[in-house]
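Okay, so here's the structure we're looking at.
Written out as structure tokens, the structure is:
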């Protein structure tokens, strides 16, 4: 439930509210919206409902009303946090990445880091074209144990080199609790891939560190399950989460997955978190990346994550779905033209 | 297979090509593209491959080359008809509807015709807001035999009255071979609904008359099946077909269906037919209609089919997914602003 | 709603109940169960709720109580008809086909009738192996207009010849309202295929004639939609309906469709109609037919519809999913062994 | 590729084959089938194809022929290991659990361990009814962070107590690499749940220890992806893997998931690993457990995993899908009657 404080409430009144919540074994979460201050009453122990009584709270001075939270996710939902979360990353002397609250951020780069040369060349092209962050996998989750599994820590070092070179923030995936600390040293944003959307120990681990997290939708997850996965991260203390729609598995056979763009306005209605779209993995087809990127922006997305590679046909992973740097630059031009009509500001 | 004629071929040479094709028991289909004339060699009898030899054809004078058609659909595919089909309807003294070739047509109206007053009021609002055709069901396919099944011929007369009043072309559904002639008297475009996408006798019946056909994708059909359904219509002689993406059935539970917008560029790559989108039936949610309409345009759609109702809450059918006339007008404004950046001309 | 009559009610009391129902514009449907007589109150006019008041009915003499029907289907649901419907066909001097109420009926034969020789040879093998009805398509719904569309009336005559020869009841598909009367002259059971499960005019047409109807589940239909399609048939007066599970479309790529065997007990719980399974079209793989047939029986199915062909590799349609007559006979032996443990009696 | 040794080959010849494989940087995997000895040539380093030449191998003495492996999984596929793997667990003085090779093993118990009393009571009922292993979750993956997450190590101790009491082998889930060693101390079989089917570090961790692994199919995974997940485990050295079909996510809304029983014969054709079925999580409905269990056995499954709880309605997790101990015993009787006709031996 949410405690809505009266306008002009006294600091001591808020403290009393918090004290009551804590006393009854719940966690208070304070949220400041434009015209109101809200206090969420959150269960502290999984499986045990807190004992805070709405009547006791509503009779406290300074409290305007008590509002129930109907959805199973509390921290990532709009009711407790009506305003958009804006994820903003400013690497030193670098390119500012922003997503949410009207800002449109573009993360681009290869599926996998293959060499320092490849990642630095791509990063330069991404920056030149107006991209605002660099992606590249160092730990790669692969369907087969015989496939290339990424360059691991060497790959992280190459990403860091590309960041030094271009000022672009670095987004990279973690597969395992044990990789979180190491990766957080090198990268700005930790990505949780689709296969790990319900890997709860991993969600908790990225929730206990402070870098923003990019959480990809599971390939068969409902939006409620997706938001509950984000809730796992937020529940551990990290509110900086970017949701990424990347297509769901259906019977359709012309694309790798079915990109479900209606998830953008639905997620934005239910949650304050920014929502970006990955048109590359979802479609698996280079020629669909541009129209699906435009469609995502027009539907209100807060950004994109695009696979771009200097030489797609030589890519070690997912060659058929990456676009080359020229196509990426053309798409960026396209999106900049579309942005005003779509009500979006370019991230930087 | 396709016979590509040489530039500057002689008329008699083309006639020889046609004669050879007919002699061997196949159907020649002539297609004039910007810089070339093509002759498709089409099987005449279902289940029997024609006996036309590519070698015999390629040795004829005036023939440049023979190109195989790899897809199972021939007439609706791009190879035989490289240029966009533009569906253009010009009711006398009325509003020109165009879809395809850069034109963006908007069909709007209620799910079901309920009264002359309702349909005329809606038609006026649609016209005022810039819509270019009117939709409304007179024969309604309903999941339950106990649900309202439409006003039938009375409904058709009301649609015709709305057309007289506003000049808008009328789009309405047929459910059965026996309704085709009657409906074609009153309506400009015959709609085949999702449930009937593979009702082959019905496809053949609308293929044997001359009104344009709006073919909705089956709720679980692949794009190849969708184009083969269109091929049934074209094979009977009617080339004026509008394809309509309306969502597919998946596990997603926030929307009625999953709107698959990547089908737009895929269908446009494979086929010359215009592709429009129905954001109303696909999502089943009024608040998703605007963002999905914008996304469809940005993805390259040739038009939209939108449920608008003067008083959605009083609608006898699908109340929750219609928008009112004010919301429709606001959406039209939005789309007009977006059109230049999306490379679309307004239909009229 | 359902009127439950008291034990030992008077005939005149039942007549009063019926009179009241009819007077208020509804249709009474009488159903005799083992220990009770039930009268369903059914809407007469689609889209208009009847005006029968439960209070008025419950105050009539002879009435024990009024029970609401919660599901949208009324006539095919268990509440109004608690006992199993048994479909029983006895061709003159022929093989009795039974499905429902513990009887297990096996329909087998080729996908399409190709020649009299082929269908008679198959029918003999089916009969010899213990099959109780013959299937074969004369009107074939095909995804492509260029595929073989069946032998039409000639095919129906061949099926009739096979029936004369073997005494097996004949099951064949109708695609169109206009084929219903002709087909009913030749065949014992009219099949509605998956693509036509929601072709309402066709459902109404087979509902207005008296041959049993085999209704296949739409490839993406929910069980509620499936039962409502059966309700369309029953609403027109034909209560003899066999439901056929034939797989649903999913992302699975090892089989043509995903055979969903849990539909058997669910449909049997909700409806009194017999439920059979088509392991051939659902899997599309010959080696899966035997295990899926056994599984269907063990799950409680009332029968099977199997594709068998004397020479599968020469079949004009669906060659890869038919089994030959030897494999069919072996499967029948297998099923006869399994029947007692599965609580099923062989149909004949 | 697979090296097939000649009958009566010399030990030294086999050693030469192995030496050549190792010399060229690949891993030899020896497999003894009834009439032949096979040596698989397996890539050693992910992403790098080994350099072993088939010609070099086939020219060695004692080698009959070289057979390619066409599927992406090598170790879990039938070609390299034609005979069924039988998983056999014999707790000291306990109940022998067997699955595969004609044996049918039944694992039953509550979703979550709730108390020592609950788990011991259930274990006794499972043993009495003829079940051959006990399941119970100590670490529970839950969609919401606010749900009960299991009793963790305390739960493991309770499972061990139930094993001491009844002699039943214990199956329990691990969620994280860090839980593997601890859990392996207490449990006989480590379960990988659906959500973790592609958690590759976890698969590798259970592959590096020696307890059998029960791998549940991901809720949206293809069978190829499922077998590749098993390959991850086998590739680390643990060949004792039980595959568990537990339903896939589709549009069906009467059940929690769609149980796809055709996966049983398909997996058994492609792989030598035993395949069991979970009718509880897949359907989510108590009344479907018995018919789906019978169907699974009739389709050839090697066992079942069933949720049974002494008092389902008081269960803290998944109450609606568990059956009570009486229903479980009745089902066991049913299955024992069915087993001979289904060609299965009871596990013990």
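Chains as they are written, first to last, in our numbering: chain A, 1 to 348; chain B, 349 to 696; chain C, 697 to 1044; chain D, 1045 to 1392.
Ideal Cβ placement from N, Cα and C applies to all residues, glycine included.
Note that the structure is predicted; figures quoted are calculated from it, not measured.
For residue 740 of chain C, three-class secondary structure by DSSP: coil
Starting from residue 931 of chain C, trace the alpha helix (DSSP H) in both directions and tell me its first and last residue. 919-931
Measuring only between beta-carbons, confirm whether residue 573 of chain B sits less than 8 Å from chain A. no
What first and last residue would you give for the alpha helix (DSSP H) that runs through residue 727 of chain C? Not the alpha helix (DSSP H): residue 727 of chain C falls in the beta strand (DSSP E), residues 722-728.
Mind checking residue 476 of chain B: buried by the 16 CB within 10 Å criterion, or exposed? exposed
With a threshold of 8 Å between beta carbons, is residue 871 of chain C in contact with chain B? yes
Please go through the segment 1305-1352 of chain D and give each complete alpha helix (DSSP H) segment of 4 or more residues, from N-terminal end onward. 1307-1314, 1323-1327 and 1330-1342
Can you give me the Cβ contacts of residue 702 of chain C inside the same chain, cut-off strictly under 6 Å, excluding the 5 residues immediately before and after it? 758 and 760
Name the chain C residues that come within less than 7 Å of residue 548 of chain B, Cβ to Cβ? 837 and 871
How many Å lie between residue 1165 of chain D and residue 1180 of chain D at the Cα? 12 Å
Any beta carbon of chain G sitting closer than 8 Å to that of residue 878 of chain C? Within the model displayed, chain G is absent; protein chains A, B, C and D are what it includes.
Span of the beta strand (DSSP E), counted from its first residue to its last, around residue 786 of chain C: Careful: residue 786 of chain C lies outside any beta strand (DSSP E) and carries neither H nor E.
Here's a check: name, in chain order, each residue in its chain whose Cβ is nearer than 7 Å to the Cβ of residue 399 of chain B, leaving out the five neighbours to either side. 372 and 373
Cβ-based contacts, 7 Å cut-off: residues of the segment 822-852 of chain C near chain B: 837, 839, 840, 841, 842, 843, 844 and 845
Contact criterion: CB-CB distance below 8 Å. Does residue 594 of chain B meet it with respect to chain D? no
Take residue 1236 of chain D and list the residues in its own chain whose beta-carbon comes closer than 6 Å to its own, dropping the five residues that flank it on each side. 1259
Tell me whether residue 1370 of chain D is buried or exposed, calling it buried when 16 or more other Cβ atoms sit within 10 Å of its Cβ. exposed
Taking all protein chains shown into account, do 16 or more other C-beta atoms lie within 10 angstroms of the C-beta of residue 1240 of chain D, making it buried, or fewer, making it exposed? buried
With 16 other Cβ atoms within 10 Å as the buried cut-off, status of residue 393 of chain B: exposed
Where residue 349 of chain A and residue 610 of chain B are concerned, what is the direct C-alpha to C-alpha distance, given to the nearest angstrom? Residue 349 of chain A cannot be examined here, being either before or after the span of chain A that is shown, 1 to 348.
On the three-pair Cβ rule with 8 Å, is the segment 169-186 of chain A touching the segment 1281-1293 of chain D? no
Excluding sequence positions up to five away, which residues of its chain have a Cβ less than 6 Å from the Cβ of residue 960 of chain C? 971, 995, 996 and 997
Is it buried or exposed, residue 827 of chain C, if we count other Cβ atoms within 10 angstroms and call 16 or more buried? buried
Residues in the segment 929-956 of chain C with C-beta within 8 Å of chain A's C-beta atoms, listed in sequence order? 945, 946 and 947
Quick check: residue 776 of chain C and residue 714 of chain C, are their CB atoms within less than 8 Å of each other? no
Let me confirm a value: residue 731 of chain C is counted as buried when at least 16 other C-beta atoms fall within 10 Å, else exposed. Which label applies? exposed
Of all the CB atoms in chain C, is at least one closer than 8 Å to the CB of residue 1343 of chain D? yes
Checking contacts by CB at 8 Å: is residue 1116 of chain D closer than that to chain A? yes
Could you work out which residues of chain A lie near residue 1275 of chain D, taking near to mean beta carbons separated by less than 9 Å? 144, 145 and 146
Would you decide whether residue 204 of chain A is buried or exposed? Buried here means 16 or more other CB atoms lie within 10 Å of its CB. buried
Can you check whether the C-beta of residue 266 of chain A is within less than 8 Å of a C-beta belonging to chain B? yes
Residue 795 of chain C - DSSP class collapsed to helix/strand/coil: strand
Could you name the residues of the segment 730-762 of chain C whose beta carbon sits closer than 7 Å to any beta carbon of chain B, in the order they occur along the chain? 739, 742 and 743
Taking only the alpha-carbon atoms, compute the straight-line gap between residue 841 of chain C and residue 584 of chain B and give it to the nearest angstrom. 10 Å
Which of the three DSSP states, helix, strand or coil, is assigned to residue 105 of chain A? strand
Residue 858 of chain C touches chain D at which residues, Cβ-Cβ below 9 Å? Ordered by position in chain D, no residue passes the 9 Å Cβ test against residue 858 of chain C, which lies about 30 Å from the chain.
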